[in-house]
Structures are given as structure tokens and as C-alpha cells.
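Engineer:
Protein chains: 6
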Amino acid sequence: MTKPVATRFQAPPIDKLPEDIRARLLAVQEKSGFIPNVFLTLAYRVDEFRAFFAYHDALMEKEGGLSKADREMIVVATSSANSCEYCVIAHGAILRIRAKNPLIADQIAVNYRKAEITPRQRAMLDFAMKVCSEAHLISEEDFASLAKHGFSDDDIWDIGSIAALFALSNRMAHLTGMRANAEFYLMGRAPKK
Amino acid sequence: MTKPVATRFQAPPIDKLPEDIRARLLAVQEKSGFIPNVFLTLAYRVDEFRAFFAYHDALMEKEGGLSKADREMIVVATSSANSCEYCVIAHGAILRIRAKNPLIADQIAVNYRKAEITPRQRAMLDFAMKVCSEAHLISEEDFASLAKHGFSDDDIWDIGSIAALFALSNRMAHLTGMRANAEFYLMGRAPKK
Amino acid sequence: MTKPVATRFQAPPIDKLPEDIRARLLAVQEKSGFIPNVFLTLAYRVDEFRAFFAYHDALMEKEGGLSKADREMIVVATSSANSCEYCVIAHGAILRIRAKNPLIADQIAVNYRKAEITPRQRAMLDFAMKVCSEAHLISEEDFASLAKHGFSDDDIWDIGSIAALFALSNRMAHLTGMRANAEFYLMGRAPKK
Amino acid sequence: MTKPVATRFQAPPIDKLPEDIRARLLAVQEKSGFIPNVFLTLAYRVDEFRAFFAYHDALMEKEGGLSKADREMIVVATSSANSCEYCVIAHGAILRIRAKNPLIADQIAVNYRKAEITPRQRAMLDFAMKVCSEAHLISEEDFASLAKHGFSDDDIWDIGSIAALFALSNRMAHLTGMRANAEFYLMGRAPKK
Amino acid sequence: MTKPVATRFQAPPIDKLPEDIRARLLAVQEKSGFIPNVFLTLAYRVDEFRAFFAYHDALMEKEGGLSKADREMIVVATSSANSCEYCVIAHGAILRIRAKNPLIADQIAVNYRKAEITPRQRAMLDFAMKVCSEAHLISEEDFASLAKHGFSDDDIWDIGSIAALFALSNRMAHLTGMRANAEFYLMGRAPKK
Amino acid sequence: MTKPVATRFQAPPIDKLPEDIRARLLAVQEKSGFIPNVFLTLAYRVDEFRAFFAYHDALMEKEGGLSKADREMIVVATSSANSCEYCVIAHGAILRIRAKNPLIADQIAVNYRKAEITPRQRAMLDFAMKVCSEAHLISEEDFASLAKHGFSDDDIWDIGSIAALFALSNRMAHLTGMRANAEFYLMGRAPKK
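Chains as they are written, first to last, in the numbering used here: chain L, 3 to 195; chain U, 3 to 195; chain H, 3 to 195; chain S, 3 to 195; chain V, 3 to 195; chain W, 3 to 195.
(1) On the three-state DSSP scale, how would you describe L:M189?
(2) Use the C-beta contact count for V:M3: other C-beta atoms within 10 angstroms, 16 or more gives buried, fewer gives exposed.
(3) Starting from the C-beta of V:A13, find all residues in its chain whose C-beta is less than 7 Å away, skip the five residues before and the five after it, and write them out in chain order.
(4) Using a Cβ-Cβ distance cut-off of 8 Å, determine whether S:N183 contacts chain W.
(5) Ordered along the chain, which non-local residues of its own chain (more than five positions away) have a Cβ less than 7 Å from that of W:H176?
(6) Once the 5 residues before and after S:K222 are set aside, which same chain residues still bring their CB inside 8 Å of it?
(7) Taking S:G94 as part of the alpha helix (DSSP H), name the residues at either end of that continuous run.
(8) Using a Cβ-Cβ cut-off of 8 Å (strictly less than) and excluding sequence neighbours within five positions of S:L148, which residues of its own chain qualify?
(9) Does the contact criterion of 3 or more C-beta pairs under 8 Å hold for the segment 61–73 of chain V versus the segment 79–95 of chain W?
(10) Measuring only between beta-carbons, confirm whether L:D108 sits less than 8 Å from chain H.
(11) Below 8 Å between beta carbons: does that hold for W:R173 and S:A60?
(12) Is it the case that the Cβ atoms of S:L188 and S:H58 are separated by a distance below 8 Å?
(13) If the criterion is Cβ atoms closer than 8 Å, does the pair L:E185 and L:F36 meet it?
(14) Can you give me the start and stop residues for the alpha helix (DSSP H) that W:V77 sits inside?
(15) On a CA-only basis, which of W:A192, W:F153 and W:A117 is nearest W:G66? Give me that one, please.
(16) Along chain W, which residues have their Cβ under 9 Å away from the Cβ of S:G162?
(17) Could you tell me the boundaries of the alpha helix (DSSP H) in which V:S34 lies?
(18) Taking 8 Å as the threshold (beta carbon to beta carbon), is V:N39 in contact with chain H?
(19) Name the chain H residues whose beta carbon is nearer than 9 Å to that of V:N84?
(20) Where V:R191 and W:K18 are concerned, what is the direct C-alpha to C-alpha distance, given to the nearest angstrom?
(21) Rounded to a whole number of angstroms, what is the C-alpha to C-alpha distance between L:A95 and U:V77?
(22) Is V:L28 buried or exposed, if buried means 16 or more other CB atoms sit within 10 Å of its CB?
(23) Between the alpha carbons of S:D163 and S:M75, how many angstroms are there, rounded?
(24) Classify L:A13 as helix, strand or coil using the three-state DSSP reduction.
(25) Check the C-beta distance from S:I99 over to S:A117 and give it rounded, since I have them as a contact under 8 Å.
(26) Mind checking whether H:T178 and H:F11 have CB atoms under 8 Å apart?
(27) Output the boundary residues of the alpha helix (DSSP H) element that contains U:K132.
(28) Check U:A8 in the structure and name its three-state DSSP category.
(29) Tell me, which residues are paired with V:M180 by DSSP?
(30) Drop a sphere of 10 angstroms on the beta-carbon of V:A146, count the other beta-carbons inside from all chains shown, and report buried for 16 or more, exposed for fewer.
(31) Consult DSSP for S:K18 and reduce its assignment to one of helix, strand or coil.
(32) Are any of the Cβ atoms in chain U nearer than 8 Å to that of S:M3?
(33) Determine the chain V residues that contact W:Y187 at a beta-carbon separation under 8 Å, and present them in chain order.
(34) From V:N84 to S:K150, what does the alpha carbon distance come to, in whole angstroms?
(35) Among W:E21, W:M62 and W:D49, which residue has its Cα nearest to the Cα of W:A165?
(36) Pick out whichever of L:T9, L:N39 and L:R181 has its Cα sitting closest to the Cα of L:I16.
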């Protein structure tokens with residue numbers, strides 16, 4: 003409880019935040035039982051908070067060619083490449099829940115190339131990692147190769163944009179010294195029944 | 003005119019875009035004489051467009067400890083490290099104008115360590131590049147070192163956040179194959195008088 | 003049960019293994035409730051199995067200036083740098099148990115620089131990572147710096163040797179396609195009471 | 003005018019230089035309207051000056067399978083990979099003029115993979131970059147691949163040798179702190195008519 | 003004679019070592035005319051000494067699909083990638099002798115891709131270098147490609163294990179500051195007759 | 003004898019070469035007993051040959067603050083970083099002779115940081131390696147640090163220029179597939195008396 007949400011930058015207390023942001027914090031607390039530190043940390047700047055979560059929701063909460071588990075998988079793989087504690091641990095928890103698979107997040111975080119995923123997911127992650135680490139090398143061959151796995155142009159936009167958004171998010175976590183809430187570590191680890 | 007704004011993903015024509023986005027495009031066209039391709043490319047997804055520019059404006063258009071030229075300098079240096087044609091060329095133009103210096107953008111793009119800038123700007127760019135390329139190594143020493151150059155915590159947030167936002171932006175430019183408008187290449191190059 | 007212990011190289015069944023190796027496997031099964039896959043995988047070559055575990059036990063099971071938790075911490079940090087699924091997940095479990103800390107392993111695996119450890123442990127891991135990734139740069143300065151944290155020469159030998167042994171071990175895991183047993187993922191995650 | 007040609011090493015004034023070198027400096031001034039700083043900087047050592055420009059002229063001023071614009075393109079691409087301010091800016095100017103294309107140099111400098119060039123030029127630059135950055139990996143496959151684009155062995159020698167010569171030149175510019183003359187920044191930027 | 007065997011860690015004098023280790027040292031001295039420093043250095047820890055040489059002998063002294071010269075070639079190539087003075091120079095000597103080729107060790111050490119070896123040996127070294135430097139990328143394609151060159155699964159285990167063992171060995175040499183005995187430099191250099 | 007001097011590009015036979023070049027080849031043959039392959043390979047282009055050796059002689063054959071052995075040491079260290087077989091082996095031989103030290107070349111080639119050299123030579127090689135591998139990071143601190151070891155500005159020019167010249171030379175050796183003459187391997191290896 004008394005642990006800091008981040009090692010740098012102290013956002014105002016919740017009751018001093020603008021109404022819309024306070025409402026979002028309370029809603030997530032209601033749903034999850036705690037407030038993930040990313041909300042408390044980014045509330046340091048309210049306009050940037052609003053823009054970040056608008057972007058996030060537009061990419062992560064939608065339906066489409068990628069399942070919600072696929073989207074979280076992209077976050078975990080690229081955030082691990084960026085050594086981002088908050089994102090690997092928090093989104094690892096969400097991935098376990100959305101994939102209903104207690105093992106998948108750790109496998110993706112350590113070495114997605116060996117994880118127990120489908121060839122389609124492997125192709126998705128290969129592209130996400132290229133966007134993450136060497137985006138200047140993206141070429142038409144990548145699009146053709148993803149198309150062979152059944153990804154539409156809109157799916158490819160989603161894969162690339164999620165990797166791009168977490169390139170931002172990982173850097174903000176490093177800048178602020180954001181810490182993953184203790185609750186995330188254990189979420190979704192009970193084997194599916 | 004007939005050159006594509008990007009090699010992949012075709013946004014709707016301007017008159018099919020939502021009113022707020024169309025208004026923004028027309029406003030920038032009014033002001034600049036042309037519509038920078040980043041607007042036309044990102045309009046492919048209207049919610050993400052809105053979130054991106056809200057984030058952008060919150061960081062780039064404000065006053066504060068960093069001048070607007072400083073902010074553009076961060077964009078050019080980090081975008082060059084990411085080999086991002088659109089951002090180096092478009093923000094290079096804006097940097098020349100805001101700094102009233104026709105040489106600065108090319109110097110920053112090729113090797114900011116040799117550019118004719120102040121030691122304070124050098125410290126700012128060193129930190130921005132760390133956020134860009136090895137953010138997981140950010141430490142308290144970085145904050146102490148920036149403070150010695152007179153940067154407040156809010157300034158450091160700005161430096162880091164601009165580098166983080168363009169980590170996203172550069173990746174979107176690579177994903178979409180976004181091209182810099184021809185107009186940018188020559189803007190701000192006439193020597194100051 | 004039916005999942006393969008590794009994707010390549012099939013060791014003989016337990017009852018065909020030499021007596022000493024079979025005894026070790028049964029002992030570890032007795033103690034842990036399952037046989038970690040590293041034993042089943044490396045049993046493909048019995049002489050190398052014996053040499054590996056003799057080396058392992060000489061470094062990991064001893065008392066000395068490093069606690070057993072410290073030793074596991076070195077394994078997790080360097081194995082994560084090597085993207086080794088088996089070692090990060092299996093030794094992560096052992097680290098959680100030995101440190102009596104359900105959060106420490108994931109923190110070390112993602113970014114040990116931000117983990118909640120002591121400055122002495124941080125210095126230990128910095129050196130272990132140097133041995134792991136750029137051992138040719140080891141210099142007298144490293145020894146002096148470790149001595150300031152109270153590490154004896156014997157402790158430094160241990161730190162370096164553990165990093166060196168898992169440089170071997172991680173590569174064997176990659177060579178064999180060794181998989182972490184499902185049991186490891188959840189071990190030691192219940193909060194200490 | 004009063005800006006230093008380089009931040010380190012001061013060559014003798016022009017009228018103290020040997021006759022052949024002084025003549026070359028005056029000839030280039032006559033032709034260009036100014037003396038590029040590379041001449042003034044390298045005149046610090048007259049024998050090395052003569053050798054450098056003899057090598058340079060043998061490779062850059064000849065006709066052959068590569069156009070003069072092609073040759074400058076190799077210089078700009080590899081010098082950008084080496085973060086060489088002088089060579090990117092000075093040879094960028096020459097490239098714009100020789101290619102009669104005001105946009106090409108900036109495109110090549112930021113990311114040649116996206117520049118508006120022919121597939122043959124792309125293959126040429128891919129090989130030049132290999133010579134620049136990982137020459138020990140050159141293999142027969144590279145020669146075969148270049149031959150398919152119509153490059154003769156002599157053309158390949160030229161591509162490789164230009165990249166090799168500017169590996170030297172870029173390092174001399176970094177050693178001396180050589181600065182690009184202000185005149186170069188604007189040369190060749192007026193659109194072709 | 004008076005030169006130190008290593009710059010750090012002083013093992014006990016030979017007559018204080020356990021009988022089995024002393025016997026091994028005297029045997030190698032009898033055979034070679036001197037005691038290679040690896041024996042004197044690793045004797046600092048007798049159990050680890052025994053484990054290391056047991057592992058070493060199991061891999062390096064056996065017959066099989068790889069010749070003894072092949073095995074030494076793997077050691078020289080990977081140890082050079084790790085900048086390990088002791089292993090490159092000592093095993094370079096052994097390689098020259100076992101291959102009866104006075105030139106091969108230096109060629110392998112500097113750039114094995116250009117060494118005068120067979121395509122089969124080239125494939126062997128390519129895989130060994132992958133195990134050495136990026137083992138997390140090992141895939142089924144590597145096994146298929148090695149099989150085409152006639153390597154059995156047991157041969158591949160040997161290649162990978164030798165590279166893995168010297169990943170350990172190179173790091174121990176760097177940790178201890180182990181020095182190659184002067185005798186090794188000249189061994190096997192007289193041309194074959 | 004019948005071994006090719008290089009795997010690509012066939013220079014004319016000696017008696018078809020221009021008089022000055024033929025004279026140089028015969029002079030070196032007279033002095034050394036054989037013609038080093040660099041002469042035979044680069045003779046493919048006579049003007050470039052003349053420029054290269056003029057540059058080479060200006061830097062390598064002079065007296066000054068650096069001994070001739072120092073100069074060769076720079077060549078061996080940087081050529082090894084570039085994996086250049088010809089230069090490491092040929093200049094390794096010359097280094098052994100000029101330093102009257104049969105061990106020094108191999109030590110420098112494998113890991114100059116551990117070689118038995120003076121602190122002044124270590125500082126010289128650290129700077130040469132910076133010019134070789136990350137010249138864009140050269141700063142005033144480097145000059146100050148070298149001055150503390152007694153290097154004059156002219157010495158620093160020499161160190162940097164030799165590293166720069168062999169940046170060119172190494173790339174030409176890779177381009178041409180140049181091979182070290184067998185004679186070099188054994189030269190200077192007999193211990194000094």
C-alpha cells in the first residue's frame with residue numbers, strides 16, 4: 003500500500019484530479035480491485051493522460067482480426083525487448099487472463115520464438131518486434147509475408163500501431179520509474195479448469 | 003501533387019473525414035500552404051489521429067523551460083537515430099524556422115554531438131537520445147545531471163515525453179511508408195537577415 | 003505429463019540410465035514432486051551430465067559470502083540476458099523460494115537495474131552481466147569496485163563462475179530446445195506470511 | 003568567414019602551402035566560389051593531402067558504369083551511417099547537383115532504403131553499406147547479386163572502393179573536427195526547371 | 003618461467019594440490035613439456051577443476067563425426083569471437099597440430115568465413131558461432147541445414163556443446179586474467195613436410 | 003606458389019605493370035624475399051595503387067612520437083576489430099619484427115586490453131579503436147587524455163590517420179578477397195636472443 007507507484011514525478015492525489023480522470027481511476031479500481039500504477043503515474047499531466055488512454059483504448063479494446071489476447075501478446079513481447087518492468091508484468095497478467103493460459107506470458111517475455119503459439123502468432127510477433135527494434139527496415143516483403151498468414155492491412159496497422167504505442171509507453175515507464183503493482187504478479191496464474 | 007503521401011494505407015479523401023479532422027487539415031493548409039503528409043496518413047484511423055495530435059499538441063505547442071526550437075531539436079535528433087525520413091525532414095524544417103538558423107537541422111540530424119548548440123542543449127539531447135535508444139538505463143544520475151544544467155523536473159518530463167512520443171511517431175511513419183512533402187526540404191533554409 | 007521435455011534430443015527412459023544418474027533423478031523427484039526437465043534433457047549424455055551437475059553443485063549449493071538467493075539472482079539476470087526460457091523460469095522459481103520474495107524473480111528478469119535489491123546486490127549483478135555479455139572488458143577496476151561492496155576474491159570468483167556456468171547452461175537449453183516444467187511457473191508466488 | 007574550418011589541427015595559411023596544393027585550392031575556389039574545408043583541413047599534412055586527393059580523383063571523377071551522381075550517392079549513404087557531418091552535407095550538395103534532384107540527398111542521408119531511387123541504385127547502396135559497416139561478411143553472393151543488376155567487376159570495385167575511401171575520409175573528418183562550409187547547405191536545393 | 007599464469011587468483015603450489023589433480027598436471031607436463039596455465043589457474047578450486055576437465059574430456063577427446071581438428075576449430079573460432087587470449091592461442095596451437103596445417107589457426111581466428119576450410123566445416127563453424135553469440139535464435143532450420151552437410155544429431159550436439167563449454171571457459175579465462183603460455187605461440191607453425 | 007593472391011580481381015602480370023609500380027614490387031621482393039599480396043592485388047588499379055602507397059608511406063615509414071612498432075600495433079588492433087585476415091597476419095609479422103617481440107602480435111590481435119604493453123600504448127590503442135569503430139564519438143576529452151600520456155597533436159593525428167587508413171585498407175582486402183602470403187605467418191616468431 004505504502005509503496006510508491008513510481009520513483010519519480012508525483013501526481014496529485016486522486017481527489018484533486020479532473021473529474022473525467024478521477025472517474026476513470028475509480029472505474030478501473032471498481033473493476034480490478036486496485037488502481038494500476040500507470041493511471042496514477044500518467045495523471046501527472048492530465049492532457050497527456052487523456053491522449054494516451056484514448057490512443058490505448060482505440061487499439062487495445064477493439065475487436066477485429068486480432069484477438070485481445072493477440073494484442074496483449076504484442077505488448078508483452080515488445081515491452082520485454084525494451085526491458086520495461088511495468089508493461090511486462092502488468093500486461094503479462096492481462097495476457098494470461100485473456101488467453102486463459104497461465105504459462106504464456108512468461109514464455110513470451112523470455113523468448114517469444116520458443117513460446118507455444120501458432121505460426122500466425124509467431125509471424126505477428128516477428129513483425130511487432132521489427133516495428134519495436136528496427137522499424138526503418140520494414141518493407142513490402144513484411145506486408146506480403148503477413149498477408150500469407152491471413153492478416154489484413156487493418157490487422158497489420160493494428161500490430162504495428164500497438165508496437166509503436168508501447169514504444170512510447172515503455173519509455174514513459176522508464177522515465178517515471180513506474181512500478182508494477184504487486185497484484186499483477188499473481189493474476190491469471192491459477193491453471194485453467 | 004500526384005505523389006503519394008505514403009506508400010501504404012490510403013486514408014479517405016478529405017471531404018469524407020469527420021468534421022473536426024477536416025477542420026484541422028484545412029487549418030494547417032491555410033497556415034502552411036500545404037497539408038503535411040502526416041495528417042493525411044494518420045487520418046486512416048480517426049480516433050488514433052485525434053489521440054496522436056492531442057498528445058503532440060500537449061507537448062510541442064506549450065511554453066515552458068524548453069523553447070519550441072528545443073522541442074523540435076529533440077524530434078530531429080531522435081528521429082534521425084530512428085532513420086525516419088518524414089520526421090527528420092518535416093521537423094528539420096520547423097526547427098530551422100523556430101531556431102531561425104538555416105544550418106542547425108542538418109547538423110543535428112547527422113551528428114548532434116558536433117552541432118553548434120549550447121552545453122545545456124547538448125545535455126538535453128544526450129538525455130533524449132537515451133530515452134530514444136536505451137531508456138532502460140535511465141537512472142537518478144541522469145536527473146541530477148540535467149538539474150545541473152537548470153532543467154526542472156517538468157522540463158525533464160518534457161524532454162523524455164517528446165522523445166517517447168516520436169518513438170511512436172517514427173514507427174508509424176515507417177509502418178505507413180509516410181513521405182515528407184517536397185515543401186519541407188527548402189523551408190527555413192534562406193539565411194536569416 | 004505428455005509434453006516433451008525438450009524439442010530436440012531424446013534421452014533414454016529413466017530406467018535405462020546409469021544408476022547414479024537415475025538415483026539423482028529420483029532424489030530430485032522425491033524432493034520437488036517432479037523432475038525438472040534439465041535433468042531429463044542432459045541425461046542424453048551421461049558423462050556430460052555428471053560433469054555439469056558436479057560443476058553446478060560446487061557453485062550453487064555451497065555457503066559463503068553469497069547467499070543462495072544471491073546465486074539464483076545471478077542465474078536469473080544472466081539467463082534473461084540470454085533469453086533462456088528454461089533457466090529464467092526454473093531458477094526464477096528457486097529464487098522466489100530462496101529469497102522468500104514472490105516478486106523478485108520477475109523484477110530481475112525484466113530489468114535488474116530497477117529491481118528492489120540492495121546496492122551490494124546491484125554491484126554483484128552488474129559484474130555478473132559483464133561476465134555474461136562482455137567478459138573481455140573485465141578489468142582491475144571491477145575487482146576494486148566489488149571489494150568496496152565487501153565482496154572477497156572468493157565471492158568474485160563465485161559471481162563470475164556462476165555467470166560463466168550459465169553461459170554454458172543457457173546455450174545447452176537453446177541447443178536442446180529444453181522447456182521449463184509447468185510446475186515452476188507458480189512456485190514461490192504465494193506471498194510470504 | 004571567421005568560423006573555423008575544423009575544431010582541431012590548424013593548417014598553415016594558403017600562401018605558405020606548397021605550390022601544387024595552393025594551386026588546387028585556388029582552382030576549387032575559382033570553380034565553386036569558396037574553398038571546401040576538407041582542403042584547408044587536410045593541408046595540415048601535405049603528403050597525405052596529395053595522396054588523399056589522388057585517390058579521391060581516381061575514384062570520383064572518372065566515367066564508367068557508375069554515373070557521377072551514383073558515386074556521390076555512395077558517399078552520402080555511407081557517410082551518414084558514419085555520422086559524418088562534413089561528408090553528408092558537402093557531398094549531399096554535390097549529389098543534388100549531379101543528380102539534378104533537390105530532394106535526393108536528404109532522402110539518402112536519412113534512410114536510403116526509402117529513397118526514390120532505382121532498384122539498381124538500391125543494390126549498389128546495399129553493397130556500399132556492407133563495405134561500410136560489415137565488410138568482413140562480403141561474399142560471392144554479393145558479387146552475383148550485383149552482376150544481376152548489370153554491374154561489372156570494375157563497377158563493383160568502384161562501389162567498394164568509394165565506400166572504403168570514405169571510411170577513411172569520415173574518420174579524418176571526425177579526427178579533425180572538420181566542419182561543412184555554410185555554402186553547402188543550400189547548394190542544389192532550388193528545384194530543377 | 004617467472005611470468006604469472008594469471009593476473010588474478012593464485013592457486014596453491016602443485017605439491018599442495020589433491021593427488022588426482024597433481025597427477026593430471028604432471029601427466030600433461032610429461033606429455034607437453036610444460037603445464038598449460040589453464041590447469042594451474044583452475045586448480046584454485048579443485049571441485050570445479052574436476053568438473054571442468056571431465057566436461058572437456060567428454061567433448062574434446064572423443065572420436066565421432068567430428069575430427070579432433072574440427073573440435074579445436076570450433077574452440078578457436080568461438081574463443082576469438084569472445085576475444086579470449088588464452089583459448090585462441092593455446093587451442094590455436096593444438097588446432098595447428100591436429101590439422102597438420104600451420105596456417106589454419108590464424109585464419110580461423112581472424113575471419114573463419116575466409117579460412118581455407120571445407121563447406122562442411124564452414125557450416126559447422128556458422129552453427130558454432132550462432133551458439134556462441136545468439137543461441138536464442140537456434141531453430142529447426144539450423145538442424146536441417148547441418149543435416150544436409152552430413153552432420154548427425156550427435157555431431158550437432160557436439161558442435162553446440164563445445165561452443166557452450168568454451169562460452170564457460172572463455173569467461174573463466176577473462177575472470178582470472180589467465181595468460182597463454184609462451185610455448186603455445188610457436189607450436190605447430192613449422193610447415194608440414 | 004600457385005595459390006591466388008586474392009579470390010577476386012586479377013591484376014596484370016608484373017611485366018605489364020607501369021615501370022614505377024614494377025620497380026616497387028621488385029624492390030619489396032628484393033628486400034623481403036617475396037611480394038606481399040597487397041601489392042599484387044592493388045595493382046589492379048594503378049592510380050589507386052600509387053595513392054594508397056603514398057598515403058601508407060607517409061604514415062608508416064616516418065619517425066616521430068610513435069615508434070614504428072607502435073604504428074604497426076595500431077594496424078593490428080584495428081584490423082583485428084575489422085576481421086581483416088591480410089592485415090592482421092601481414093602486419094602482425096611486421097609488428098613482431100619491429101617490436102622484437104614474438105608474442106605481441108597475437109596478444110594485440112585477440113584482446114589488446116590484456117596485451118603486455120605500456121599504459122601509454124594502451125591509451126594509444128584505445129583511441130585508435132575509437133577511430134576504427136565509433137569515430138563520431140571522438141571528443142576533446144580524448145585529446146586531453148592522450149596529452150596526459152605525452153602524445154602531441156601530431157602524434158594524435160598519426161594515431162587517428164593510421165586507424166583511418168586501415169579502415170580503407172581492411173575494406174579493400176575484404177572487397178578483393180586478398181589473402182596473406184604464407185611467409186607472414188612464421189616471420190618474427192623465433193624468440194629474441
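Glycine residues also receive a C-beta, built at the ideal position from the N, C-alpha and C atoms.
What you are looking at is a predicted structure, and each value in this text was computed from that prediction instead of being measured.
Structural biologist: According to the structure data:
(1) Position 187 of the first sequence, counted from the first residue, corresponds to residue 189 of chain L. If DSSP states are grouped into helix, strand and coil, L:M189 belongs with coil.
(2) As a first step, residue 3 of chain V must be located in the fifth sequence, where it is residue number 1. Confidence in V:M3 is poor, its pLDDT being 41 and thus under 50, which makes the residue's placement unreliable; the coordinate value appears in the next sentence. For V:M3, the number of other beta carbons within 10 angstroms of its own is below 16, and it is reported as exposed.
(3) One-based indexing of the fifth sequence puts residue 13 of chain V at position 11. Answer for V:A13: L42, T43, A45 and Y46, listed in chain order.
(4) Sequence index remark: in the fourth sequence, residue 183 of chain S carries index 181 (1-based). No, because no Cβ of chain W sits closer than 8 Å to the Cβ of S:N183.
(5) Here residue 176 of chain W refers to the residue found at position 174 when the sixth sequence is read from its first residue. Correct list, in chain order: C86.
(6) Residue 222 of chain S is absent from the model: chain S starts at 3 and stops at 195.
(7) In the fourth sequence, counting from the first residue as 1, residue 94 of chain S sits at position 92. Run containing S:G94: E87 to A101, per the alpha helix (DSSP H) assignment.
(8) Walking along the fourth sequence from the start, residue 148 of chain S turns up at place 146. A125, M126, F129, D157, I158 and I161.
(9) Segments in contact, no.
(10) On the first sequence, residue 108 of chain L is found 106 positions in, with the first residue counted as 1. So yes, L:D108 belongs to the interface.
(11) In the sixth sequence, counting from the first residue as 1, residue 173 of chain W sits at position 171. In the fourth sequence, counting from the first residue as 1, residue 60 of chain S sits at position 58. The answer is no: Cβ separation not under 8 Å.
(12) Within the fourth sequence, residue 188 of chain S is the residue found at index 186, counting from 1. Within the fourth sequence, residue 58 of chain S is the residue found at index 56, counting from 1. Contact: no.
(13) Counted from its first residue, the first sequence places residue 185 of chain L at position 183. Counted from its first residue, the first sequence places residue 36 of chain L at position 34. Contact flag set, yes.
(14) One-based indexing of the sixth sequence puts residue 77 of chain W at position 75. K70 to A83 is the extent of the alpha helix (DSSP H) around W:V77.
(15) As a working note, residue 66 of chain W is residue 64 in the sixth sequence. W:G66 has its Cα closest to that of W:F153, out of W:A192, W:F153 and W:A117.
(16) As a working mapping, residue 162 of chain S is identified with position 160 in the fourth sequence. Correct list: R173, M174, H176, L177 and T178.
(17) Within the fifth sequence, residue 34 of chain V is the residue found at index 32, counting from 1. Looking at the DSSP string, the run of the alpha helix (DSSP H) that includes V:S34 is E21 to S34.
(18) Counted from its first residue, the fifth sequence places residue 39 of chain V at position 37. It does not: the Cβ of V:N39 has no partner Cβ on chain H nearer than 8 Å.
(19) Taking the fifth sequence and counting its residues from 1, one reaches residue 84 of chain V at position 82. Ordered by position in chain H, the residues that pass the 9 Å Cβ test against V:N84 are A137 and H138.
(20) Here residue 191 of chain V refers to the residue found at position 189 when the fifth sequence is read from its first residue. Here residue 18 of chain W refers to the residue found at position 16 when the sixth sequence is read from its first residue. Distance between the alpha carbons of V:R191 and W:K18: 36 Å.
(21) For the purposes of this step, residue 95 of chain L is taken as residue 93 along the first sequence, with counting starting at 1. For the purposes of this step, residue 77 of chain U is taken as residue 75 along the second sequence, with counting starting at 1. Between the alpha carbons of L:A95 and U:V77 lies a distance of about 34 Å.
(22) Counting from one through the fifth sequence, the residue named residue 28 of chain V turns up at place 26. By the neighbour-count rule (16 or more Cβ atoms within 10 Å), V:L28 is not buried but exposed.
(23) For the purposes of this step, residue 163 of chain S is taken as the residue at position 161 of the fourth sequence. For the purposes of this step, residue 75 of chain S is taken as the residue at position 73 of the fourth sequence. Just to set this straight, residue 163 of chain S is Ser in the shown sequence, not Asp. Those two C-alpha atoms are separated by around 14 Å.
(24) Counted from its first residue, the first sequence places residue 13 of chain L at position 11. In the structure shown, L:A13 sits in coil (DSSP, three-state: anything other than H, G, I, E or B).
(25) Numbered from 1 along the fourth sequence, position 97 holds the residue referred to as residue 99 of chain S. Numbered from 1 along the fourth sequence, position 115 holds the residue referred to as residue 117 of chain S. About 17 Å separates the beta carbons of S:I99 and S:A117, which is beyond the 8 Å limit, so they are not a contact pair.
(26) One-based indexing of the third sequence puts residue 178 of chain H at position 176. One-based indexing of the third sequence puts residue 11 of chain H at position 9. Taking 8 Å as the Cβ cut-off, H:T178 and H:F11 qualify as a contacting pair.
(27) As a working note, residue 132 of chain U is residue 130 in the second sequence. P121 to E136 is the extent of the alpha helix (DSSP H) around U:K132.
(28) Taking the second sequence and counting its residues from 1, the one referred to as residue 8 of chain U is at position 6. Taken through DSSP and simplified to helix, strand or coil, U:A8 comes out as strand.
(29) Against the fifth sequence, residue 180 of chain V aligns to sequence position 178. According to DSSP, V:M180 bridges with V:A8.
(30) The residue given as residue 146 of chain V occupies position 144 in the fifth sequence. Under this definition V:A146 is an exposed residue.
(31) To locate residue 18 of chain S, count along the fourth sequence from 1; it is residue 16. Note: S:K18 maps to helix in three-state DSSP.
(32) Residue mapping note: residue 3 of chain S aligns to position 1 of the fourth sequence, counting from 1. Bear in mind that a pLDDT of 41 at S:M3, under 50, signals an unreliable position, so the model cannot answer this.
(33) Position 185 of the sixth sequence holds residue 187 of chain W. Here the neighbours are P104, L105, D108 and R191.
(34) Position 82 of the fifth sequence, counted from the start, is the residue given in the question as residue 84 of chain V. Position 148 of the fourth sequence, counted from the start, is the residue given in the question as residue 150 of chain S. So the alpha carbons of these two residues sit roughly 37 Å apart.
(35) Numbered from its first residue, the sixth sequence carries residue 165 of chain W at position 163. Closest option to W:A165, Cα to Cα, is W:M62.
(36) Here residue 16 of chain L refers to the residue found at position 14 when the first sequence is read from its first residue. Looking at the Cα atoms, L:N39 is the closest of the given residues.
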